[in-house]
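Number of protein chains: 2
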Amino acid sequence: MPGIKDVAARAGVSVATVSRALNRHPSVSEEARARVLAAVEELGYRPNAVARSLRTDQTRTLGLVISDVMNPYFTELARAVEEEARALGYSVIIGNADERPELQDHHIRNLVDRRIDGLLVSPTDGGTPLLLDTARAGTPVVFVDRWIPGADDVDVPVVRSDGRGAVRDLVAHLHRLGHRRLAIIAGPAATTTGSERVEAFREALAAHGLELPDAYIGQGDFQAGSGRRATERFLDLPEPPEAVFAADNLMALGALDAVRARGLRVPDDIALAAFDDIPWFVHTGPPVTAIAQPTGELGRAAVRALVDRIEGRTARSVTLPARLVVRRSCGEDGETHPQKRSDP
Amino acid sequence: MPGIKDVAARAGVSVATVSRALNRHPSVSEEARARVLAAVEELGYRPNAVARSLRTDQTRTLGLVISDVMNPYFTELARAVEEEARALGYSVIIGNADERPELQDHHIRNLVDRRIDGLLVSPTDGGTPLLLDTARAGTPVVFVDRWIPGADDVDVPVVRSDGRGAVRDLVAHLHRLGHRRLAIIAGPAATTTGSERVEAFREALAAHGLELPDAYIGQGDFQAGSGRRATERFLDLPEPPEAVFAADNLMALGALDAVRARGLRVPDDIALAAFDDIPWFVHTGPPVTAIAQPTGELGRAAVRALVDRIEGRTARSVTLPARLVVRRSCGEDGETHPQKRSDP
DNA sequence: ATCCCTCTTGTAATCGTTTCCACAAGGAGG
DNA sequence: CCTCCTTGTGGAAACGATTACAAGAGGGAT
């Protein structure tokens, strides 16, 4: 693979001139530039990003550590992140933590070893000092979707969406349909999205004079299996809930499994709703009512915030509202057939 | 961020010794090694992967270019690839080509600029000389899932799955259920998976004495929208097909949309089957019969082949069989309820 | 005492860029 | 004609690691 020296020799100039020509440095003659460009073309020269990074101390690469690639919510997020990053001239390396703190640490370590310019993290459960230490050590970090409470002393913007309003809408929707015994399958208490959603749900219930008994709080881990188990426990209760709200899409899927396995039907026997809307919810039987985050916008905003920090500007936290998307899984006041207008 | 020099100073040895201690070079005294390790610990030193790569001319990084991250099939593949790579001591950078040749080229260029050690590609439609040129230029390349025909002169192993047998099973299944007019929604003819699946389908039909008229071949692009459009065209036919086979999961989804939008029902009014099984197909209404590729195994085998090539061993192409998973979308001879045993 | 290993260490070259500095050439202004 | 800019260029020093080579120390055999 030809190097800058080969180009220089071929163009009859020095390596310095080649470098300048390629980096559109102003002081290089039109003639030299042309010769360099020609040589580059002839040799098929491509600058070595590794060497360049070593010299300039920047890799133009962002790290993205997410908790579960297989979760459609995160794939959509990752896609948006990559697009915006590319538009801004950055590449993205994705690390999949699989909801395991030690894997998250592995990826963070790997990414800082590679000297990425900044880090985008949706932290998993569990105490990992490494992440905060990294931020403290000077690597620009932005949290997206979830965040870690102890981040006050170090400047880490949080880009997330607020589901409070949408949860209120959901509870009102359920209430209107006559449901009174409402349960939730929560995420890990250690994640912010885990605890927040329970709180929002509890508050919304209170506004209707309803309680959230402990028996109606299932402990999940954002994976389908836990959703199924929690739902089975609900169904075993002497007085099972009339509606179940899953704190993410995978657990909702598990819940759907569980009620089906008992020969029960959604929404006739029990209503179901989920946090995180995903394309598949349109096609499930029945289509499930969900709270939709502006996922793409979240990803883009996060990248912009991170790049702002990287390039020396100040970055602010961003909170975008989520909204309720009513389908059929809670009962018949939503759309009964897919509507033409809801086509993409 | 401390460098190897700082560690050397702190440990009272030379940088060479530090490097040797860290790379478990045999000839370094127990005492020196201990001092180095202590210094590393105290300073929180992490070796700079960029500098190391420049010197050693290897990045221990693999590039993975796939055609669509949002497609669950590819996310699963990506996940398996990352896992196997990690086990072998490599990192993975994913590039999402979004079924667009120019984006694919962008990523390939970006990856070779970063001097990745090897490239895993599931090529998109369309002639892109860059990919083959890269392979010819010496970068180890392995094709996964799809491949490019002109790759004979250059050593590029192909890791894929053969759906021929499963397609025969599917057609037999459909035939047994009484379906005679069978249609297919094909992928882009330029992709191997696009054309191969049509051929397999046609052959399987022939075995039952059935034809595949042109009107029953829909042209899709592996995206949901094209599946919907193709299905609408089928339904507008004077004699619409009794069963539709979509060549990937996204187009199957589009097909499902289309028949629902007409107020028709699967499988009563029309049967549906898909290539690529994904977790969601269990939960759709109705659960859809699909041909399952051993996706994880494919990803792992591809990584092993690529690493073999990188590390100087010879790599062989791999073909794994796919299998038919019968559910309810073709009619009632499959499982009518989710079975306990099919639980993960 | 000399020679020759082996074991451990340090010095310095190297990877492919970018960029600081010096310098030559040419034009403008005195 | 000298000085002072401006413009374009090349030489060489970084960046932070790995590694070839040289060399000192110690030990055993002669």
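Protein chains in written order, with the numbering used here: chain A, 1 to 344; chain B, 1 to 344. Every residue, glycine too, gets a C-beta built ideally from N, C-alpha and C.
Beta carbon of residue i nearer than 8 Å to that of residue j
{"i": "GLY118/A", "j": "LEU62/A", "result": "yes"}
{"i": "ASP286/A", "j": "GLY89/B", "result": "In the sequence as presented, Asp is not what sits at residue 286/A; that position holds Pro. Cβ distance not < 8 Å, so PRO286/A and GLY89/B don't count as in contact."}
{"i": "PHE245/B", "j": "LEU170/B", "result": "yes"}
{"i": "GLU76/B", "j": "VAL303/B", "result": "no"}
{"i": "ALA230/B", "j": "GLY218/B", "result": "yes"}
{"i": "LEU174/B", "j": "ALA258/B", "result": "no"}
{"i": "LEU256/B", "j": "LEU272/B", "result": "yes"}
{"i": "ARG164/A", "j": "PHE275/A", "result": "no"}
{"i": "ARG33/B", "j": "ALA51/B", "result": "no"}
{"i": "THR124/B", "j": "ARG100/B", "result": "yes"}
{"i": "ALA322/A", "j": "ILE291/A", "result": "yes"}
Proximal residues to residue i (C-beta, below 7 Å), its chain only, five neighbours per side dropped
{"i": "GLY334/B", "result": "Reliability fails at GLY334/B, whose pLDDT of 44 lies under 50, so the model's placement of it is uncertain and the value that follows must be treated cautiously. The answer, listed in chain order, is THR289, VAL326, ARG327 and ARG328."}
{"i": "VAL156/A", "result": "ALA135, VAL141, VAL142 and PHE143"}
{"i": "SER226/A", "result": "GLY220, MET251 and GLY254"}
{"i": "LEU103/A", "result": "ALA97"}
{"i": "VAL364/B", "result": "Since the first residue of chain B shown is 1 and the last is 344, residue 364/B is not available in this structure."}
{"i": "VAL18/B", "result": "ILE4, VAL7, ALA8, ALA11 and VAL36"}
{"i": "LEU264/A", "result": "ILE270"}
Any chain A beta carbon closer than 8 Å to residue i
{"i": "VAL154/B", "result": "no"}
{"i": "LEU328/B", "result": "Here residue 328/B turns out to be Arg, not Leu, going by the sequence shown. It does not; no Cβ of chain A falls within 8 Å."}
{"i": "THR59/B", "result": "yes"}
{"i": "SER122/B", "result": "no"}
{"i": "THR75/B", "result": "yes"}
{"i": "LEU54/B", "result": "yes"}
{"i": "VAL112/B", "result": "yes"}
{"i": "VAL303/B", "result": "no"}
{"i": "GLY69/B", "result": "Inspection of the sequence shows that residue 69/B is occupied by Val rather than by Gly. Yes - at least one Cβ of chain A is within 8 Å of the one on VAL69/B."}
{"i": "ARG100/B", "result": "no"}
{"i": "HIS283/B", "result": "yes"}
{"i": "GLY334/B", "result": "Residue confidence for GLY334/B is low, a pLDDT of 44 falling below 50, so the modelled location carries little weight; the figure read from the coordinates is stated next. Not closer than 8 Å to any Cβ of chain A, the Cβ of GLY334/B fails to qualify, so no."}
{"i": "LEU51/B", "result": "Looking at the sequence provided, one finds Ala at residue 51/B rather than Leu. Chain A, which has a Cβ nearer than 8 Å to the Cβ of ALA51/B, makes this yes."}
{"i": "LEU182/B", "result": "no"}
{"i": "GLU311/B", "result": "no"}
Other residues of its chain near residue i: CB distance less than 6 Å, five sequence neighbours each side excluded
{"i": "TYR45/A", "result": "PRO2 and VAL7"}
{"i": "ARG35/B", "result": "ALA11"}
{"i": "ARG234/A", "result": "First, the amino acid is wrong: residue 234/A is Phe here, not Arg. For PHE234/A, where only same-chain residues beyond five positions count, the Cβ hits under 6 Å are ALA183, PRO240 and PRO241."}
{"i": "ASP145/A", "result": "SER122 and ARG160"}
{"i": "SER53/B", "result": "THR59"}
{"i": "VAL13/B", "result": "ALA32"}
Any C-beta of chain B under 8 Å from that of residue i
{"i": "ASP269/A", "result": "no"}
{"i": "PRO286/A", "result": "yes"}
{"i": "HIS179/A", "result": "no"}
{"i": "ILE93/A", "result": "yes"}
{"i": "ARG115/A", "result": "yes"}
{"i": "PRO345/A", "result": "Residue 345/A falls outside the range modelled here, since chain A spans only 1 to 344, and no answer is possible."}
{"i": "GLU82/A", "result": "yes"}
{"i": "ARG79/A", "result": "yes"}
{"i": "LEU256/A", "result": "yes"}
{"i": "GLY3/A", "result": "no"}
{"i": "TRP147/A", "result": "no"}
{"i": "LEU253/A", "result": "yes"}
Near the ligand NAP: residue i beta-carbon under 7 Å from a heavy atom
{"i": "GLY63/A", "result": "With respect to the ligand NAP, the structure shown offers nothing to examine, as it has no ligands at all."}
Close Cβ partners of residue i (< 8 Å) along its chain, the five nearest in sequence each way excluded
{"i": "CYS330/B", "result": "HIS173, LEU174, LEU177, HIS179, ALA243, PRO267, ALA271, LEU272, ALA273 and THR289"}
{"i": "THR336/B", "result": "With a pLDDT of only 43 at THR336/B, under 50, the local geometry of the prediction cannot be trusted, and no value is derived from it."}
{"i": "SER27/A", "result": "ARG20"}
Report task. Using a Cβ-Cβ cut-off of less than 9 Å, give me the residues of the region 218-249 of chain B that come near chain A, in sequence order. Result -> Residues ALA224, GLY225 and ARG228.
Query raised in the report: At a cut of 8 Å, does the region 45-54 of chain A reach the region 98-114 of chain B through at least three beta carbon pairs?
Result: yes
Requested in this report: Count the CB pairs spanning the region 307-316 of chain A and the region 183-198 of chain A that are closer than 8 Å, and state whether there are at least three.
Outcome: no
Requested in this report: Mind checking the region 11-38 of chain A against chain B and listing, in chain order, the residues whose C-beta falls within less than 9 Å of any C-beta there?
Outcome: Result list empty, no residue passes.
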